[in-house]
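According to our numbering, the sequence shown is numbered sequentially starting from 383.
In what follows, a structure is listed as structure tokens, so that the remarks can point back to it.
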Amino acid sequence: APRRAPPPVARAGSRVTVEVDLGREGEPAGLQKLSFSPKLDRSDFVLLELALPLGMLIEETADGDIVVNGAMPGYSAAGGYEEPDRVLPGDIVRAVTAYRQILAGAPMWQQLASYTPVGKLETKRLIFRTEGATFADV
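Structure, rendered in structure tokens:
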């Protein structure tokens, strides 16, 4: 079996909560917690921090999962000499972080009370769960 790098955060059957730091410029800012249940009986949950460009080859399955087909050599998803096999074919992508422009700078109550967008467009780091997402979303 291929070597797994890094080792799993949790083994099959256990619900896992991970913490992701979106930083000062995140939306919402700081540490965010996400909880996941295993999708398969033989699941291990692995938390990866990859640099851009990822070089990860993905597809959307008929069940709606985003699954890894492979990783392009020389990119962060493939790893390197010290940490090979960062992602493996068959891995299910459960969440990703990304930068996106959103309206920011005004409290939520002000946005709701004004009935019009309040604030300015800012690029913020967000976290997206992939359950129910399409290939284009991810």
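Idealized CB from N, CA, C, for every residue including glycine.
Under DSSP, Arg476 takes part in no beta bridge, so it has no partner. The Cβ-Cβ distance between Val450 and Asp473 falls below 8 angstroms. Under the three-state reduction of DSSP output, Glu431 falls in the coil class, being neither helix nor strand.
Across the structure, Pro471 and Ala460 are spaced so that their CA atoms are roughly 11 angstroms apart.
In this structure the region 432 to 441 does not touch the region 403 to 410; the number of beta carbon pairs closer than 8 angstroms is below three. Its chain contains Leu413 and Lys415 as the residues whose beta carbon lies nearer than 6 angstroms to that of Glu401, once the 5 sequence neighbours on both sides are disregarded; these appear in chain order. By the C-beta density criterion, Ala453 is buried, having at least 16 other C-beta atoms within 10 angstroms. Distance from Gly446 to Gly514 at the Cβ level is roughly 6 angstroms; contact confirmed, criterion being Cβ atoms closer than 8 angstroms.
With fewer than 16 other CB atoms across the displayed protein chains lying within 10 angstroms of its CB, Arg397 is exposed.
Taking a C-beta distance under 8 angstroms as the contact criterion, Ile509 and Leu404 qualify as a contact pair. In the three-state scheme derived from DSSP, where H, G and I count as helix and E and B as strand, Arg424 is classed as coil. Judged by DSSP secondary structure, Glu513 falls outside any beta strand (DSSP E); it is assigned neither H nor E.
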